[in-house]
Each structure stands twice: as structure tokens, then as C-alpha cells.
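J.:
There are 2 protein chains.
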Amino acid sequence: MAFSDVSTPDVGALFERVPKATLRAHVVERLRGAILAGDIPPGAPLVETSLSERFEVSRGPLREALRQLIEEGLVVTVPYTGTRVAELSVEDVHEIYSLRTVLETFAFEQVWPRRDDRFRAELRRRNEALIASIDAGDDRASILNELEFHGLVYEVSGHRLLQRAWNGLRGRLQLYWAAHHRAHGRRGPKRDSHDSYIKAAFGADLEAMRREIADHMRRGVETTERFLRTMPTSSGKPKRGDNS
Amino acid sequence: MAFSDVSTPDVGALFERVPKATLRAHVVERLRGAILAGDIPPGAPLVETSLSERFEVSRGPLREALRQLIEEGLVVTVPYTGTRVAELSVEDVHEIYSLRTVLETFAFEQVWPRRDDRFRAELRRRNEALIASIDAGDDRASILNELEFHGLVYEVSGHRLLQRAWNGLRGRLQLYWAAHHRAHGRRGPKRDSHDSYIKAAFGADLEAMRREIADHMRRGVETTERFLRTMPTSSGKPKRGDNS
DNA sequence: CTGTGCCAGATTGTCAACAATCGACCATCA
DNA sequence: TGATGGTCGATTGTTGACAATCTGGCACAG
Numbered sequence: 001m002a003f004s005d006v007s008t009p010d011v012g013a014l015f016e017r018v019p020k021a022t023l024r025a026h027v028v029e030r031l032r033g034a035i036l037a038g039d040i041p042p043g044a045p046l047v048e049t050s051l052s053e054r055f056e057v058s059r060g061p062l063r064e065a066l067r068q069l070i071e072e073g074l075v076v077t078v079p080y081t082g083t084r085v086a087e088l089s090v091e092d093v094h095e096i097y098s099l100r101t102v103l104e105t106f107a108f109e110q111v112w113p114r115r116d117d118r119f120r121a122e123l124r125r126r127n128e129a130l131i132a133s134i135d136a137g138d139d140r141a142s143i144l145n146e147l148e149f150h151g152l153v154y155e156v157s158g159h160r161l162l163q164r165a166w167n168g169l170r171g172r173l174q175l176y177w178a179a180h181h182r183a184h185g186r187r188g189p190k191r192d193s194h195d196s197y198i199k200a201a202f203g204a205d206l207e208a209m210r211r212e213i214a215d216h217m218r219r220g221v222e223t224t225e226r227f228l229r230t231m232p233t234s235s236g237k238p239k240r241g242d243n244s
Numbered sequence: 001m002a003f004s005d006v007s008t009p010d011v012g013a014l015f016e017r018v019p020k021a022t023l024r025a026h027v028v029e030r031l032r033g034a035i036l037a038g039d040i041p042p043g044a045p046l047v048e049t050s051l052s053e054r055f056e057v058s059r060g061p062l063r064e065a066l067r068q069l070i071e072e073g074l075v076v077t078v079p080y081t082g083t084r085v086a087e088l089s090v091e092d093v094h095e096i097y098s099l100r101t102v103l104e105t106f107a108f109e110q111v112w113p114r115r116d117d118r119f120r121a122e123l124r125r126r127n128e129a130l131i132a133s134i135d136a137g138d139d140r141a142s143i144l145n146e147l148e149f150h151g152l153v154y155e156v157s158g159h160r161l162l163q164r165a166w167n168g169l170r171g172r173l174q175l176y177w178a179a180h181h182r183a184h185g186r187r188g189p190k191r192d193s194h195d196s197y198i199k200a201a202f203g204a205d206l207e208a209m210r211r212e213i214a215d216h217m218r219r220g221v222e223t224t225e226r227f228l229r230t231m232p233t234s235s236g237k238p239k240r241g242d243n244s
């Protein structure tokens, strides 16, 4: 999955410590998947006891899983009262995309001087995978592929805190994209947008790349914002105890 | 504490919901304080059972507190084996300061067009508080004041995700500064550095402010890196079960 | 002397019961 | 009718005991 594994099979990796998966990690994956798939829509209550029997775990690991999803921005909680899936808002969209612009630009600045051919090749490969999934009409794969595409530059940067910051945005972004694709079916033709992105990434002009990133994000925030405005408020607040 | 409270006493705030403090939150504060004060030095093991009796809590809340400190970068853990205070490294210093440069520049760009006089006044106030604590030789207060000083622009930006990113850096920064000040006593004369920072912040030239931030961070990373190199490796890894 | 397998202690992971708190509902009264 | 106070169910917070896993050292064979 990591960039270095893509092009250079590392024999040493075969002997890597494979830590036994904890229940918490498992619950995080499943719960995150359920939220991003829309099985549990934004605003829906997340009751610890219900979830613990749904996932067949006790409340201990479940609580820790919820805390992690709170960190990722997928879940919000208020002490002694309740926990629910995060709601969507236009303010968040602006924050996500503006910060993303800054981070992705910085990531490219880190990678740029290296003239890394493997990076570029892998970027093209991921772009083709993305195009393929779009053409196939597979929305779920398209979202994942788009995240993989944009994630590459963070991986290659080797900047762990930067990767961490990207991870903090990734889940939030996915939440919006997933809601969008559920509401509107396949997402518009992104092909052109990615073509120019790729072209700039392969060029020699860093300033042009900066502009390209800014434009790319501008288009993203417009699309997402327009979508959000069509569903005025995601729902009348569900009261305590409903489990739609 | 929030910026808006500084200049405009808000009567409504008196009636604000004051959430009952949970044990977890309390433990987080105390444990973080102990780490940042150096009571528990980098690399020292954090055994859940010991800590739970030290803080007179059960392991449940304590574990959740540890998870939060992991998020903040103050603690590292490996499943089924152990948890310890994060070690210091020069790579981390570079990452912290480079990301900080990007974020703080972005924060200033957000605030800049507003020509916010209250922001500038508060910035000056916090700078004077910082100078005062430096002159008084109070290292602990100086660190806190420096964080408050730089934190202002994030608060004023109103950008929650940006504030969140800053919070992710804040603890890590504090860890290094605290170690530095324990090793070397009072930190060098930062007065000049802050004078030019303030001057640029009050000027009209955003580009000059960008340069000032970059320079400021460059000085910071140099100082911290030089300090780290004097303590080659913070210690031979303490073995399992030692509790220094 | 070197490597290998096993054992014991230490540490984290998990569970199920209990306590504290909150929010909605309803009866009551001005 | 509108406000007010109490009560009850629902939900999260906390606890102590138990299970799973890892690490380091030691005996033993080569």
C-alpha cells in the first residue's frame, strides 16, 4: 500500500512484525465503513450498547473506537448525552478544501525538487485506475481511487506529520463525497480536471502546479457546496432514541 | 481564553453549559502536565496499572486518556507490550517546524484582509506578557506565553480545522521546548526575534510577514536542533519494567 | 560457545456489572 | 394557559476481574 512497496518489492517487509489485530481496530474499520457507505447516515445516533451488540464486542473497545472516529471527524459526541454521526455543513467544506489546498501544495513543494520518476509513474498509474473506475460507473471505487491518487504525494513526501494532517482530512472528505454520490449517483466528469492536474504535475513549472492545485480545489469546493445546498438541512434533528 | 472573550466580556457566557468534567479529561490534564513538566521524561514507560493507582482512577478512563495523548504525539504505544513517553528526534523537529511554517502562514493570510485591530492589540498584549515572563526568568510561563502568542492567529482565523492542526503541533512543540529548558535553563534572548515578528504583523506587507514567519521558524528549528544534538540519544532504551 | 525452544512474569486487551448524568415527559399550580 | 418542578427511562461514565499477548531469560542440546 505504501509507495515504496509499489515499485520496489522489499523482501525485508515479509519478515515484518505483524501485530495481532485488536478488537478496537476491527470495530473502527467496520464502523467507519458503515458510516462512509451510508448505512448509518449523518446525524444518526450511535448508541454504545446497540453498537456493541451489533459488532459483538463489549463497550470498552467500542468506546475507544468511537473516540478514534471522533478524531477523524466522522462522529461527534456530547458527554453523558449521546453520540452521533457528524452532520454535513458548508462551513466544513470550505475549511476542508482550503486546508487541503495548503497541505497539498506544501506536499508538492517537498516532492518537486526530487524529480522523482517513480512518483510520476505511480501518479499516472493511479490516475488511470481512477479513470477506469469512473468509466466503469463504480462510484465506490472512484472515491477510493481519487483518495489514493491525491494521497500519493503525501506518501512520497515522507513527511509523517503532513501525512497525519492529510489523514485528518481524508475521512471528512470521504464523508462528503459518499453522501454526494448516494444522492446524485455518479459524480460528474472529473476526467478533464485530472488531465490538467497530471499535466501540471509532469511539467517543470512549480508555480503552475500551485495554480493547478488551487483551481482543482476551487472546483471541488464548488461542486460539493452546490450539492450540499440541494439538501438544505440533512434532516430534522432525530430525537433521542430513534434508530433510523 | 478564546479571543472573543478577551475584549468583549460576554454576559451570556455566564449561563453557558458547563459540562461536568469526566475523569478521563482530568487524567489527560494531569498526565500531560507531568510529561511536559519532565516528571516523566521522554522514553519512560507508562504502565497503565501504575498510572491508574497514581491518579486514583481505574484503567478504563486512564486508557482513554493515553489514547488522547497518543493523538497529541506525547506518547507512543505498541500493542500488548507497552506504552511510553515519546522520544525526541531531529526528524520530528524538522517536520514540526516546516508544517508550522505552512500553517501559520496560512493563518495569517486568513486574518490579513480583515485588518483586525483587536487582533493586533491582543497580539501586542500577549507579546508583552511573553517579554515580561522572559525578563522574570520564568521559563515555564515563557513557554506557555510563547504558545499563547503564536496561538492567537489561529484562534482569530476562525478556521476550526486549522486550529485543530495547530493543536496537533502544539503539544509536540511543548515537549521539545520543555526538554530544552530543563537542560539549559532559560532559553536564549528571543526578544529581538519577536520584535521583528510583531513589526511585520503590524505592517501592511503580507509578503514581508510570510518571510518573517519563515525566518522565525528557521531560527526555531536551528535552536532546537542544536540543543538536541548536545544530548545525542536521550537515553539507552530503558528496559521493560524500569520506572525511573 | 552458540543457538533454540520453552516458561514465567509483566503488560495490555476485553468483559460485564454498576454508578452518574441527562433530557423528555407529565403532573401540578399560579 | 403557561411556567415549574419532579420523576423516570435512556445513555454515557467508571470499575474491578479475567483473558490474551508479548518480552526476556534460562535450561538444554549441538
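One line per chain: the protein sequences are V and F, in this order.
If you read the first sequence in full-length UniProt numbering, its first letter stands for residue 1, the second for the next number, and so on.
If you read the second sequence in full-length UniProt numbering, its first letter stands for residue 1, the second for the next number, and so on.
Glycine included, every Cβ here is placed at the ideal spot set by N, Cα and C.
Taking just the CA atoms, how far does GLY168/V sit from LEU152/V?
T.: As a working mapping, residue 152/V is identified with position 152 in the first sequence. As a working mapping, residue 168/V is identified with position 168 in the first sequence. Straight-line Cα distance between these residues: approximately 15 Å.
J.: Can you tell me the Cβ-Cβ gap for LEU130/V and LEU69/V, rounded? I've got them flagged as a contact below 8 Å.
T.: On the first sequence, position 130 is the one that residue 130/V refers to. On the first sequence, position 69 is the one that residue 69/V refers to. With a Cβ gap of about 26 Å, LEU130/V and LEU69/V do not count as contacting.
J.: How many angstroms separate the CA atom of VAL76/F from the CA atom of VAL76/V?
T.: Stepping through the second sequence from its first residue, residue 76/F is reached at position 76. Stepping through the first sequence from its first residue, residue 76/V is reached at position 76. Taking the straight line from one Cα to the other gives about 25 Å.
J.: How is VAL85/F classed by DSSP in three states: helix, strand or coil?
T.: Taking the first residue of the second sequence as position 1, residue 85/F is located at position 85. Strand, per DSSP.
J.: Can the beta-carbon of GLU225/V be found closer than 8 Å to that of VAL57/V?
T.: Here residue 225/V corresponds to residue number 225 of the first sequence, with the count starting at 1. Here residue 57/V corresponds to residue number 57 of the first sequence, with the count starting at 1. No, Cβ-Cβ distance for GLU225/V and VAL57/V is not below 8 Å.
J.: Among GLY33/F, PRO79/F and ARG67/F, which one has its Cα closest to the Cα of THR22/V?
T.: Along the first sequence, read from residue 1 onward, the residue named residue 22/V stands at position 22. That would be PRO79/F, whose Cα lies nearest to the Cα of THR22/V.
J.: Any beta carbon of chain V sitting closer than 8 Å to that of ARG211/F?
T.: Mapped onto the second sequence, residue 211/F falls at position 211. Answer no: the Cβ-Cβ gap between ARG211/F and chain V never drops below 8 Å.
J.: Cβ of PRO42/V within 7 Å of any heavy atom in the ligand NAD?
T.: The ligand content of the structure shown is nil, which means the ligand NAD is not present either.
J.: Please state if the CB of ARG100/V and the CB of LEU46/V are separated by a distance shorter than 8 Å.
T.: Looking up residue 46/V in the first sequence gives position 46. Looking up residue 100/V in the first sequence gives position 100. Not in contact: LEU46/V and ARG100/V (Cβ atoms no closer than 8 Å).
J.: Could you work out which residue in TYR97/F, ALA204/F, ARG115/F and GLU148/F is closest to MET217/F when comparing CA atoms only?
T.: Translated into the one-based positions of the second sequence, residue 217/F becomes position 217. Answer by Cα proximity: TYR97/F.
J.: Can you tell me whether DSSP reads THR77/V as helix, strand or coil?
T.: Here residue 77/V corresponds to residue number 77 of the first sequence, with the count starting at 1. Here THR77/V sits in strand by DSSP.
J.: The segment 145 to 168 of chain V: which residues have C-beta closer than 9 Å to a C-beta of chain F, in chain order?
T.: So the list reads HIS159, ARG160, LEU161, LEU162, ARG164, ALA165 and GLY168, given in the order they occur along the chain.
J.: In chain order, what residues of the same chain have a beta carbon less than 7 Å from the beta carbon of LEU228/F, not counting five sequence neighbours either side?
T.: As a working mapping, residue 228/F is identified with position 228 in the second sequence. Result list for LEU228/F: LEU88, VAL90 and VAL93, in chain order.
J.: By the 7 Å beta-carbon criterion, what residues does the segment 108 to 130 of chain F contribute toward chain V?
T.: Against chain V - using a Cβ distance shorter than 7 Å - the segment 108 to 130 of chain F contributes no residues.
J.: Is LEU123/V closer than 8 Å to ALA201/V when the C-beta atoms are compared?
T.: Residue numbering aside, residue 201/V sits at position 201 when the first sequence is read from its first letter. Residue numbering aside, residue 123/V sits at position 123 when the first sequence is read from its first letter. In this structure, LEU123/V lies closer than 8 Å to ALA201/V by Cβ.
J.: Could you tell me the alpha carbon to alpha carbon distance between GLN110/V and LEU144/F, rounded to whole angstroms?
T.: To locate residue 110/V, count along the first sequence from 1; it is residue 110. To locate residue 144/F, count along the second sequence from 1; it is residue 144. Distance between the alpha carbons of GLN110/V and LEU144/F: 31 Å.
J.: Can a CB atom of chain F be found closer than 8 Å to the CB of ARG32/V?
T.: Taking the first sequence and counting its residues from 1, the one referred to as residue 32/V is at position 32. Chain F contact via Cβ: absent.
J.: Would LEU74/V and ALA178/V be called neighbours here (beta carbons separated by less than 8 Å)?
T.: The count along the first sequence starts at 1 and reaches residue 74/V at position 74. The count along the first sequence starts at 1 and reaches residue 178/V at position 178. Not a contact, by the Cβ cut-off of 8 Å.
J.: Would SER50/V be called buried (16 or more neighbouring beta carbons within 10 Å of its own) or exposed?
T.: As a working note, residue 50/V is residue 50 in the first sequence. By the 10 Å Cβ count, SER50/V comes out exposed.
J.: Please confirm if GLY220/F has its CB atom under 8 Å from at least one CB of chain V.
T.: Position 220 of the second sequence, counting from 1, holds the residue named residue 220/F. Closer than 8 Å: no.
J.: Comparing the C-beta of PRO79/V with each C-beta of chain F, is any distance below 8 Å?
T.: Here residue 79/V refers to the residue found at position 79 of the first sequence. Taking Cβ atoms only, chain F reaches closer than 8 Å to PRO79/V, which makes this a yes.
J.: Could you tell me the alpha carbon to alpha carbon distance between ALA136/F and SER157/V, rounded to whole angstroms?
T.: Numbered from 1 along the second sequence, position 136 holds the residue referred to as residue 136/F. Numbered from 1 along the first sequence, position 157 holds the residue referred to as residue 157/V. Rounded to whole angstroms, ALA136/F to SER157/V spans 42 Å at the Cα level.
J.: Please list the terminal residues of the continuous alpha helix (DSSP H) segment that includes LYS199/F.
T.: Taking the first residue of the second sequence as position 1, residue 199/F is located at position 199. Per DSSP, LYS199/F belongs to the alpha helix (DSSP H) from 191 to 202.
J.: Tell me, which residues are paired with PRO45/F by DSSP?
T.: Numbered from 1 along the second sequence, position 45 holds the residue referred to as residue 45/F. Beta-bridge pairing links PRO45/F to ARG84/F.
J.: How would you list, in chain order, the residues of chain V whose beta-carbon sits under 9 Å from the beta-carbon of PHE55/F?
T.: To locate residue 55/F, count along the second sequence from 1; it is residue 55. Those within 9 Å of PHE55/F in chain V number zero; the least Cβ separation is about 18 Å.
J.: Only counting runs of 4 or more residues, tell me where the alpha helix (DSSP H) segments fall wholly within the segment 125 to 164 of chain V, in order along the chain.
T.: Listed in chain order, they are 139 to 157.
J.: Between GLY185/F and chain V, is there a C-beta pair that is closer than 8 Å?
T.: For this step, residue 185/F is matched to residue 185 along the second sequence. False, the Cβ-Cβ gap to chain V never drops below 8 Å.
J.: Nearest to residue 263/F by CA position, among HIS180/F, HIS181/F, ASP117/F and LEU66/F, is which residue?
T.: The first residue shown for chain F is 1 and the last is 244, placing residue 263/F beyond what the model contains.
J.: Anyone know if the C-beta pair for ARG191/F and ILE134/F falls short of 8 Å?
T.: Numbered from 1 along the second sequence, position 191 holds the residue referred to as residue 191/F. Numbered from 1 along the second sequence, position 134 holds the residue referred to as residue 134/F. Yes, the pair counts as a contact, with Cβ atoms nearer than the cut-off.
J.: Going by Cα to Cα distance, which pick from LEU103/V, PRO41/V and HIS26/V is closest to HIS180/V?
T.: Indexing the first sequence from 1 puts residue 180/V at position 180. Taking only the C-alpha atoms, the option nearest HIS180/V is PRO41/V.
J.: Nearest CA to the CA of GLN174/F: which residue from ARG54/F, ARG140/F and ALA65/F?
T.: Counting from one through the second sequence, the residue named residue 174/F turns up at place 174. Comparing Cα positions, the closest option is ARG140/F.
J.: Any idea what DSSP makes of GLY12/F, helix, strand or coil?
T.: In the second sequence, residue 12/F corresponds to position 12, counting from 1. At GLY12/F, the pLDDT of 41 sits below 50, so the modelled position is not reliable; the number obtained from the coordinates is stated separately. Residue state, collapsed to three classes: helix.
J.: Cβ of ILE70/V less than 8 Å from any chain F Cβ?
T.: Counting from one through the first sequence, the residue named residue 70/V turns up at place 70. No - not a single Cβ of chain F is within 8 Å of the one on ILE70/V.
J.: Check whether chain V comes within 8 Å of VAL90/F, counting only Cβ atoms and requiring the distance to be less than that.
T.: Indexing the second sequence from 1 puts residue 90/F at position 90. No - not a single Cβ of chain V is within 8 Å of the one on VAL90/F.
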